[in-house]
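Going by the working numbering, the first residue of the sequence shown is number 1231, and it counts up by one from there.
In this text, a Cβ means the ideal position worked out from N, Cα and C, and glycines have one as well.
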Amino acid sequence: AILEYAANNRASDIHIEPLENEIKIRARIDGVLREIMRLPKSTEAPLVSRIKILSNLKIDEHRIPQDGQFTVKIAGHDIDLRIAISPVVWGEQVVIRLLDKSGTSLKLEEMGYRGRSLQRIRAALKHSNGMVLTSGPTGSGKSTSMYALIQEIKNDEINIVTLEDPVEYKIQGVNQIQVNNGVGLTFASGLRSILRQDPDVVMVGEIRDKETATLAVQAALTGHLVFSTLHTNSAAGILPRLLDMGIEPFLIASTVRTVIGQRLVRRIGDERESYESDKTETEAINTTIGSLLPETEASSKKQSEELGYKTLPLRGQTAYTLYKGKDSPDAPGGYKGRMGLYEVFDVTSEIQELILKRSTSSEIQKVAREQGMITMREDGYLKALAGDTTLAEVNRVAAADSA
């Protein structure tokens, strides 16, 4: 019943947390944890034991953390469950990650890519070599972006091989390899073997160390298109991170083609209402995206379409129309589902020069913006004006310092 509730409500994780006299069960829905029920303490042992049996874990081991997985079918969908069990003061905490293999939209537009960002990514995918790198914190949708890139270019004439930890979605026609550190199949050793399999496109789940980074760069240099992710706070932060890993600046400059920074925000639900922005919101809009909004009615259509919208309001207004969702069981807090905020830039000759000088991420960010990059925060404000999300959501996930 817990799993069904979670799957039907788009939950990404379930937390089973023992308290002194009961068990608390919470679900992470659209990125936010919500309590869904409490159970009597007597149900704890049978519930945790059942999960351990299904995951092939040791039932009698309560002292150390254990990880496992199993698959269930809910409403006709195969859902992979990743289990992490840890001993805590009042018993054992269980966290279940749900991976619905069919439920995620893997089209770039549906994920929130618009205008210039979308054009830049599509242009990068036309190349047969080089690297496209995505950055963001855990749970910001990086893997889903990688899958969407693969879906975009997948055809019978190219060999796509991925190396993942874990394989989150199975894609027909793509050779997916699961990392298994227990038997020595790491990102680095797996990447070495992939390069002997005549791939055209290689996806590496994450670049975590110098060895993997070096191999990914070599793959890009030798005529492969490489997709991967790193943990940095912004798109511009990817390039200094590779330098910090010990990759030579000239190698980064000659292989990295396009970089993406991203965060996830909650979408406004189906039932929404409009309201006029207050003074603080209006000032924030004018400061953040005033320069992106059209100046005149005559230029409005062209400028709006270039950014990927039908019509955007004119700049410099004293109030803007914003939207909020109606709170309902189907859309808690007025939100339903999530979408991405993105910043995308190409490594142009000017940015290559900055890499060779070992410039900081803020120096790279400055040049990228001069060359037309829209930051995640700006992207979010445009989406709030379009009625996709709220300013509160954008401010929550995309801090002003990334702008």
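My guess is that residue i and residue j are in contact by the Cβ rule of under 8 Å, so how many angstroms apart are they, rounded?
| i | j | result |
| --- | --- | --- |
| residue 1330 | residue 1257 | Rounded, the Cβ-Cβ distance is 14 Å, inconsistent with contact. |
| residue 1571 | residue 1493 | 5 Å |
| residue 1459 | residue 1365 | 7 Å |
| residue 1611 | residue 1519 | 5 Å |
| residue 1260 | residue 1553 | That pair is no contact at about 17 Å. |
| residue 1495 | residue 1619 | 5 Å |
| residue 1534 | residue 1544 | Their Cβ separation, rounded to whole angstroms, is 10 Å, which puts residue 1534 and residue 1544 out of contact at 8 Å. |
| residue 1376 | residue 1341 | Wrong, their Cβ atoms sit about 11 Å apart, outside the cutoff. |
| residue 1266 | residue 1324 | Contact doesn't hold; Cβ gap of about 14 Å is too wide. |
Could you tell me the distance, in whole angstroms, from the CA atom of residue i to the CA atom of residue j?
| i | j | result |
| --- | --- | --- |
| residue 1298 | residue 1254 | 21 Å |
| residue 1337 | residue 1275 | 42 Å |
| residue 1422 | residue 1449 | 9 Å |
| residue 1491 | residue 1456 | 17 Å |
| residue 1426 | residue 1420 | 10 Å |
| residue 1316 | residue 1286 | 16 Å |
| residue 1358 | residue 1389 | 12 Å |
| residue 1467 | residue 1622 | 25 Å |
| residue 1562 | residue 1264 | 10 Å |
| residue 1352 | residue 1309 | 31 Å |
| residue 1424 | residue 1416 | 12 Å |
| residue 1550 | residue 1289 | 58 Å |
| residue 1418 | residue 1445 | 7 Å |
Reducing DSSP to helix, strand and coil, say where residue i ends up.
| i | result |
| --- | --- |
| residue 1279 | helix |
| residue 1242 | strand |
| residue 1382 | helix |
| residue 1464 | coil |
| residue 1254 | strand |
| residue 1247 | strand |
| residue 1232 | helix |
| residue 1541 | coil |
| residue 1345 | helix |
| residue 1610 | helix |
| residue 1358 | coil |
| residue 1459 | strand |
| residue 1364 | strand |
| residue 1259 | strand |
| residue 1390 | strand |
| residue 1642 | Outside the displayed span of the chain (1231 to 1633) sits residue 1642, for which this structure offers no information. |
| residue 1374 | helix |
| residue 1237 | helix |
| residue 1616 | coil |
Using a Cβ cut-off of 8 Å (strictly closer), state whether residue i contacts chain D.
| i | result |
| --- | --- |
| residue 1297 | The structure shown contains no chain D; it is built from a single protein chain. |
Given the structure, does residue i come close to the ligand FMN, in the sense that its CB is under 7 Å from one of the ligand's heavy atoms?
| i | result |
| --- | --- |
| residue 1232 | As far as ligands go, the structure on display features none, and thus does not contain the ligand FMN. |
Worksheet item: With contact counted as at least three CB pairs below 8 Å, one residue from each stretch, are the segment 1505-1520 and the segment 1483-1494 in contact?
Response: no
Worksheet item: Using 8 Å as the Cβ pair cut-off and three pairs as the minimum, do the segment 1583-1600 and the segment 1526-1543 touch?
Response: no
Discussion item. What ranges does the alpha helix (DSSP H) occupy inside the segment 1549-1607, keeping only unbroken runs of at least 4 residues that lie completely in it?
Written reply: 1579-1586 and 1591-1600
Practice prompt. Pick out the complete alpha helix (DSSP H) segments inside the segment 1265-1335, 4 residues or longer, and give them in chain order.
Written response: 1274-1284
Worksheet item: Counting only runs that start and end within the segment 1469-1525, where is the beta strand (DSSP E) found for 3 or more residues in a row?
Response: 1486-1498 and 1502-1506
Worksheet entry | Entirely enclosed beta strand (DSSP E) segments - the segment 1392-1452, minimum 3 residues | 1405-1408 and 1431-1434
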